[in-house]
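Asks:
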Amino acid sequence: MSDYQSAISGEGTDTSGPAFGPQLARAELPPPLGKLIQLRLELDGLRGLPKTDTSSKGSNTQSSYYVAFNYTTAHSEASSYVRSSMAQEGIGSLRGTVQWNEVLYLESFELGIISIVIYSSHRHPQHATSVTVGGLLQQSEHSLPPSLGV
């Protein structure tokens, strides 16, 4: 048997690993989604909500909304959820806008995806989108798609 075959088969050696070839790294590899980070979400407000019909309810009737941020991995290995307080829609010319002025904190991985859902006071989702953590960090303002029609 040649020295090469002996090294591969392990015969004639007292070592437990291969005599040549790549060595296994002893350090742990980072998770595939990057490091776990804490996001600081400054939730100012929302504009462009569909104006509700107030003719049957009275002109002072206001809708209320809250925002939910949810982070989960594809395999549900990690999850983090935070939601804003309930806030009322503006009156008159401010109808279609909601003001929160809140700071929320959410844990996620650097390369994760976060869903953002706007709910009405009846817990019906009104708008929803998903953004990457990187995209969330790069832009100070985010647009949501049109109403879900729910």
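The working numbering puts the first residue of the sequence shown at -7, with every later residue one more than the last.
Where a beta carbon is used, it is the ideal one built from N, C-alpha and C, also for glycine.
If you're wondering where the values come from, they're calculated on a predicted model, not measured in any experiment.
For my contact list, S122 and E99 are in at a C-beta cut-off of 8 Å; report their separation, rounded to the angstrom.
Replies: For this step, residue 122 is matched to residue 130 along the sequence shown. For this step, residue 99 is matched to residue 107 along the sequence shown. About 17 Å; that fails the 8 Å criterion.
Asks: Please name the residue in S132, E34, V109 whose C-alpha comes closest to that of E94.
Replies: What you label residue 94 is simply residue 102 of the sequence shown in a count that begins at 1. Ranking the options by Cα distance to E94, first place goes to E34.
Asks: Please report the residue range of the alpha helix (DSSP H) in which L129 lies.
Replies: Start at 1 with the first residue of the sequence shown, and residue 129 comes out as number 137. L129 -> alpha helix (DSSP H) spans 125 to 130.
Asks: Check E99 in the structure and name its three-state DSSP category.
Replies: In the sequence shown, counting from the first residue as 1, residue 99 sits at position 107. The answer is strand: DSSP assigns E99 an E or B state.
Asks: State buried or exposed for S76, treating a residue as buried only when at least 16 other CB atoms are found within 10 Å of its CB.
Replies: In the sequence shown, the residue the question calls residue 76 occupies position 84. By the neighbour-count rule (16 or more Cβ atoms within 10 Å), S76 is buried.
Asks: For L28 and P117, I'd like the C-alpha separation in whole angstroms.
Replies: As a first step, residue 28 must be located in the sequence shown, where it is residue number 36. As a first step, residue 117 must be located in the sequence shown, where it is residue number 125. Spanning the two alpha carbons is a distance of roughly 28 Å.
Asks: On the three-state DSSP scale, how would you describe L25?
Replies: By 1-based counting over the sequence shown, the position of residue 25 is 33. Reduced to three states, the DSSP call for L25 is coil.
Asks: If you compare alpha carbons, which of D36, Q54, G127 is closest to G84?
Replies: Position 92 of the sequence shown, counting from 1, holds the residue named residue 84. Out of D36, Q54, G127, Q54 has the C-alpha closest to the C-alpha of G84.
Asks: Would you check if the distance between the CB atom of F61 and the CB atom of I108 is smaller than 7 Å?
Replies: Residue numbering aside, residue 61 sits at position 69 when the sequence shown is read from its first letter. Residue numbering aside, residue 108 sits at position 116 when the sequence shown is read from its first letter. Cβ atoms of F61 and I108: closer than 7 Å.
Asks: Count the other CB atoms, across all protein chains shown, that sit within 10 Å of the CB of L41; report buried if there are 16 or more and exposed otherwise.
Replies: What you label residue 41 is simply residue 49 of the sequence shown in a count that begins at 1. That one is buried.
Asks: What's the call for G126, buried or exposed, on a 16-neighbour Cβ count within 10 Å?
Replies: Here residue 126 is taken as the residue at index 134 of the sequence shown, counted from 1. With fewer than 16 other Cβ atoms within 10 Å, it is exposed.
Asks: Run through DSSP, which three-state label would L86 get?
Replies: Position 94 of the sequence shown, counted from the first residue, corresponds to residue 86. Helix, per DSSP.
Asks: Taking the straight line between their C-alpha atoms, what separation do you get for Y63 and H119?
Replies: Position 71 of the sequence shown, counted from the first residue, corresponds to residue 63. Position 127 of the sequence shown, counted from the first residue, corresponds to residue 119. Straight-line Cα distance between these residues: approximately 17 Å.
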